Amino acid sequence: MGAASDGAEIVRLSKEHAELKPVADAVQGLAKSRAEMADLEVMAEDPEMADMAAEELQALKERLPELEREVALLLAPRDADENASAVLEVRAGTGGDEAAIFAGDLFRMYSRYASNRGWRVEVDSATEGDAGGYKEIIATVTGDGVFGRLKFESGVHRVQRVPATETQGRIHTSAATVAVLPEVEDVEIEIHDKDIRIDTYRSSGSGGQHVNKTDSAVRITHFPSGIVVTSSEKSQHVNRDKAMKNLRVRLYDMQRQMKDQARSDARKSQVGSGDRSERIRTYNYPQGRVSDHRINLTLHSLPQIMEGDIDPLLNALIAEDQAARLADLEAEFG
Numbered sequence: 054m055g056a057a058s059d060g061a062e063i064v065r066l067s068k069e070h071a072e073l074k075p076v077a078d079a080v081q082g083l084a085k086s087r088a089e090m091a092d093l094e095v096m097a098e099d100p101e102m103a104d105m106a107a108e109e110l111q112a113l114k115e116r117l118p119e120l121e122r123e124v125a126l127l128l129a130p131r132d133a134d135e136n137a138s139a140v141l142e143v144r145a146g147t148g149g150d151e152a153a154i155f156a157g158d159l160f161r162m163y164s165r166y167a168s169n170r171g172w173r174v175e176v177d178s179a180t181e182g183d184a185g186g187y188k189e190i191i192a193t194v195t196g197d198g199v200f201g202r203l204k205f206e207s208g209v210h211r212v213q214r215v216p217a218t219e220t221q222g223r224i225h226t227s228a229a230t231v232a233v234l235p236e237v238e239d240v241e242i243e244i245h246d247k248d249i250r251i252d253t254y255r256s257s258g259s260g261g262q263h264v265n266k267t268d269s270a271v272r273i274t275h276f277p278s279g280i281v282v283t284s285s286e287k288s289q290h291v292n293r294d295k296a297m298k299n300l301r302v303r304l305y306d307m308q309r310q311m312k313d314q315a316r317s318d319a320r321k322s323q324v325g326s327g328d329r330s331e332r333i334r335t336y337n338y339p340q341g342r343v344s345d346h347r348i349n350l351t352l353h354s355l356p357q358i359m360e361g362d363i364d365p366l367l368n369a370l371i372a373e374d375q376a377a378r379l380a381d382l383e384a385e386f387g
């Protein structure tokens, strides 16, 4: 890095250094522990040092497998987008007004979690529900490691509760879908002019001064994939740039999903399969519990989770994925 003068090159090298340093530190730590074990084994043969050496040797033997596991995980193939920011999409599914309200609850949960981690959330577009919440909301979550933490949230989230509009106290089941897409810098996705149509239109608003009185909103349709992206800021120029950026993100995500599907076909792990239509989690309000169906995990802390305390869920999902990656390594290299 000291020899680099170009700003972009310095940034690239800094990121590469940040990724490699934990690996180097862990490997050096493991090598040091193994060398220390060899020294202790020699000391254990000395009658005067045997007792002290045996005690330290036992402690080191107990710690060594965890150090080896840590190094193995760091050396295992990593998601190239682990440290990327992300585009978060939450959409109401089955359940009418209650589904839109639940979509709003989920977005608030993720927003609280992002705030607690120091990430920035910027809403790109939103369509509000008639009774509250959102029919659809799309936001960019910017920060270090956003995608790595949230990538397993993609899928169908189901809620079981008594809606505020229910007069007889009956429990309803509704659903919302979540998609987390990596926002990767310098994505090499080629888009030909002949493959897209760009439309401008007047975005809807709540009335009065909030209504956009010019045709500044932009809709881009990508014919080969069928993807449609929109942006409805005040500036048509900004909207065009945002929509093209979002189109690249979605085309890149399509490539990721194909790779994820190939990986999940190669192993039985449900985590990270890339199947967006899969029901992954149920939020049961009467019993105050949340169940993740991929790893058979149930937590009786629904109020805390809905306030953004989702680390217990995310940590368990990440641990399951790490175990699967280790199993892949062992199967490949024995």
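For the sequence shown, the numbering used here assigns the number 54 to the initial residue and increments by one for each residue that follows.
Note that the Cβ used here is the ideal one computed from N, Cα and C, for glycine as well.
The structure presented is a predicted model; accordingly, all values stated were derived computationally and were not measured.
Closest residue to residue i among the options (Cα-Cα distance)
i: residue 374; options: 171, 202 and 343; result: 202
i: residue 199; options: 127, 135 and 371; result: 135
i: residue 369; options: 361, 351 and 128; result: 351
i: residue 137; options: 163, 226, 236 and 379; result: 236
i: residue 196; options: 158, 140 and 151; result: 140
i: residue 348; options: 164, 366, 360 and 76; result: 366
i: residue 162; options: 377, 336 and 372; result: 336
i: residue 291; options: 113, 302, 269 and 80; result: 269
i: residue 168; options: 377, 380, 360 and 376; result: 360
i: residue 231; options: 274, 189, 127 and 376; result: 189
i: residue 86; options: 68, 284, 115 and 356; result: 115
i: residue 133; options: 69, 95 and 103; result: 69
i: residue 219; options: 148, 353 and 255; result: 148
i: residue 255; options: 280, 284 and 244; result: 284
i: residue 244; options: 103, 212, 302 and 217; result: 302
i: residue 212; options: 95, 376, 355 and 58; result: 355
i: residue 293; options: 273, 112 and 309; result: 273
In DSSP terms, what residue i is bridged to
i: residue 227; result: 212
i: residue 271; result: 253 and 284
i: residue 356; result: For residue 356, which the question treats as bridged, DSSP gives no partner whatsoever.
i: residue 191; result: 142 and 178
i: residue 100; result: DSSP output for residue 100 lists no bridge partner at all.
i: residue 235; result: 139
i: residue 337; result: 213 and 342
i: residue 350; result: 345
i: residue 301; result: DSSP lists no partner for residue 301.
i: residue 332; result: 209
i: residue 173; result: 195
Residue i and residue j closer than 8 Å at C-beta
i: residue 120; j: residue 93; result: no
i: residue 221; j: residue 253; result: no
i: residue 282; j: residue 300; result: yes
i: residue 143; j: residue 174; result: no
i: residue 146; j: residue 228; result: yes
i: residue 333; j: residue 345; result: yes
i: residue 242; j: residue 271; result: no
i: residue 295; j: residue 286; result: yes
i: residue 210; j: residue 159; result: yes
i: residue 233; j: residue 207; result: yes
i: residue 182; j: residue 150; result: yes
i: residue 153; j: residue 179; result: no
i: residue 205; j: residue 186; result: no
i: residue 166; j: residue 371; result: no
i: residue 307; j: residue 278; result: yes
i: residue 379; j: residue 77; result: no
i: residue 123; j: residue 79; result: yes
i: residue 248; j: residue 275; result: yes
i: residue 97; j: residue 88; result: no
Check: residue i C-beta below 7 Å from any heavy atom of the ligand GDP
i: residue 303; result: Annotation note on the ligand GDP: not contained in the displayed structure, which lists no ligands.
8 Å contact criterion, which residue i and residue j should meet: CB distance rounded
i: residue 90; j: residue 110; result: 7 Å
i: residue 214; j: residue 339; result: 7 Å
i: residue 127; j: residue 75; result: 6 Å
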